[in-house]
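Each step along the sequence shown adds one to the number in the working numbering, with nothing skipped, and position 90 is 95.
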Amino acid sequence: RFSVRNMVPNTKVFAHIHEGVSCEQAGGHHWNASQTKTDFWNAGPTVTADQDGNAMGGLDVSRQEGGFPFSENILHAVVIHNNNGTRVGCGTLTLFEYIY
Numbered sequence: 006r007f008s009v010r011n012m013v014p015n016t017k018v019f020a021h022i023h024e025g026v027s028c029e030q031a032g033g034h035h036w037n038a039s040q041t042k043t044d045f046w047n048a049g050p051t052v053t054a055d056q057d058g059n060a061m062g063g064l065d066v067s068r069q070e071g072g073f074p075f076s077e078n079i080l081h082a083v084v085i086h087n088n089n090g091t092r093v094g095c096g097t098l099t100l101f102e103y104i105y
């Protein structure tokens, strides 16, 4: 899951898994060219920022997003792009446990 603030209100926000394992060196989109003919992330998941510029969304990495299984997506950079493609946020895909 991700949440972002200060986006352009009522515009799309894009999230993609990237090749790199750090935000400083995120690289290009992480997709398996031998399994998918086109870069999955170019038409990948989007959410729309609300009237205040806030957006929440998520990536289902268990569905082999981009042609890779979950195990090959973990620890990669997840980059958030605004509606014109500018990188506006980044994090690393990690595992966590719910603690009740």
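Beta carbons are placed, not taken as given, at the ideal position from N, Cα and C, and that holds for glycine. Bear in mind the structure is a predicted one, so any value in this text is a computation, not a measurement.
Are residue i and residue j close, meaning C-beta to C-beta below 9 Å?
i	j	result
A82	L98	yes
V13	I85	no
V93	V26	no
N78	H34	no
G72	T41	yes
Residues in the same chain with beta-carbon distance under 7 Å from residue i, minus the five sequence neighbours each way, listed in chain order, please.
i	result
P50	A20, G62, L64
A31	H23, G25, A82, V84, C95
On a CA-only basis, which of the options is nearest residue i? Give me that one, please.
i	options	result
N47	N59, N88, A60	N88
N66	E29, F45, G32, T91	First, the residue type needs correcting, since residue 66 is Val and not Asn in the sequence shown. Among E29, F45, G32, T91, the Cα nearest to that of V66 belongs to F45.
D55	G90, Q40, T16	T16
Below 6 Å CB to CB, which residues in the same chain sit around residue i once its five sequence neighbours on both sides are set aside?
i	result
G58	N11, M12, P14
Based on the DSSP output, what are the partners of residue i in its beta bridges?
i	result
G62	F7
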